[in-house]
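Below is one structure; the comments refer to it alone.
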Amino acid sequence: MNQIEGKIELFLKNPSAEEESFWDSEALVWVDWKDFDESISEYFNEYLLEEDKINVELVENDKPRCVDIFLIKDEVKKAIPYDEERTDRDTTLKAVQDFIAPKYQIRWYMDSLGGDTLAFCLLPTEKWLRLEKEYGKEKVTYYFAPLLHDSVMFEMDIGEISDLLEKRKQNVN
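FYI, in the numbering used here the residues of the sequence shown are 38 to 210.
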């Protein structure tokens with residue numbers, strides 16, 4: 038078990054007692070709503086094996102967003118699929134997740150919900166599956182939500198955030 042997995046497991050054993058130390062642990066990758074999109078893959082590179090690290094290429098364009106961002110590893114080069122107007126953290130995070138899948142999963146640490154800086158954890162997929170088997174899928178996904186194609190993180194409005202916070206309060210594990 039690696040150190041990050043150990044921190045997550047310790048948290049899952051007793052979330053209320055471990056919340057404060059987990060919040061400050063190196064298990065969390067913090068992404069701010071103002072971060073440059075090209076920096077986000079670098080944050081996760083610190084958690085990837087050397088052979089899995091992602092390179093980033095920026096290509097200026099004439100679109101309102103002014104740039105295309107490509108994720109590159111080995112012989113694979115893939116554009117992050119932004120809309121014409123702008124880049125955004127949600128699209129970047131989901132593209133990085135798609136690029137490193139199925140070997141790894143990025144999960145959103147849901148206790149960071151409601152802030153303008155959100156926390157994420159990255160582990161090999163097999164480690165997440167082991168944690169789900171040991172602690173229950175419902176509990177693990179309650180605290181660490183998988184990034185899906187329809188996940189909305191930074192692009193939520195205040196009403197959506199309030200509704201989700203209230204729903205989480207009612208479903209505490």
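All residues carry an ideal CB built from backbone N, CA and C; glycine is no exception.
### Task
Report the residue from Ile109, Arg144 and Asp120 whose alpha carbon sits nearest the alpha carbon of Glu42.
Mapped onto the sequence shown, residue 42 falls at position 5. Closest by alpha carbon: Arg144.
### Task
Identify, in the order they occur along the chain, each residue of the same chain with its Cβ nearer than 6 Å to the Cβ of Phe48, setting aside the five sequence neighbours on each side.
Translated into the one-based positions of the sequence shown, residue 48 becomes position 11. Excluding positions up to five away in sequence, the list reads Glu55 and Phe59.
### Task
Indicate whether the contact test is met: 3 or more Cβ pairs, each with one atom in the region 129-144 and one in the region 179-193, closer than 8 Å.
yes
### Task
State the Cα-Cα distance for the pair Ile198 and Leu150, rounded to the nearest angstrom.
In the sequence shown, residue 198 corresponds to position 161, counting from 1. In the sequence shown, residue 150 corresponds to position 113, counting from 1. Ile198 and Leu150: Cα-Cα distance of roughly 7 Å.
### Query
Assuming Asp69 and Asp153 make a contact with CB atoms under 8 Å, what is their CB distance in whole Å?
As a position in the sequence shown, residue 69 is number 32, starting the count at 1. As a position in the sequence shown, residue 153 is number 116, starting the count at 1. With a Cβ gap of about 7 Å, Asp69 and Asp153 count as contacting.
### Query
Fully enclosed by the region 129-205, which beta strand (DSSP E) runs are 3 residues long or longer?
141-146, 154-161 and 181-183
#### Entry: Trp67, enclosing beta strand (DSSP E) - first and last residue
Looking up residue 67 in the sequence shown gives position 30. Counting along the chain, the beta strand (DSSP E) containing Trp67 begins and ends at Val66 to Asp69.
### Query
Are the Cβ atoms of Phe81 and Phe157 separated by less than 9 Å?
The sequence position of residue 81 within the sequence shown is 44, counting from 1. The sequence position of residue 157 within the sequence shown is 120, counting from 1. In contact: Phe81 and Phe157 (Cβ atoms closer than 9 Å).
### Task
Give the DSSP-derived three-state secondary structure of Asp120 in the structure shown.
Stepping through the sequence shown from its first residue, residue 120 is reached at position 83. In this structure, Asp120 counts as coil in the three-state DSSP scheme.
### Query
Which same chain residues, not among the five before or five after Leu202, have their C-beta less than 7 Å away from its C-beta?
Counting from one through the sequence shown, the residue named residue 202 turns up at place 165. Correct list, in chain order: Leu150 and Gly151.
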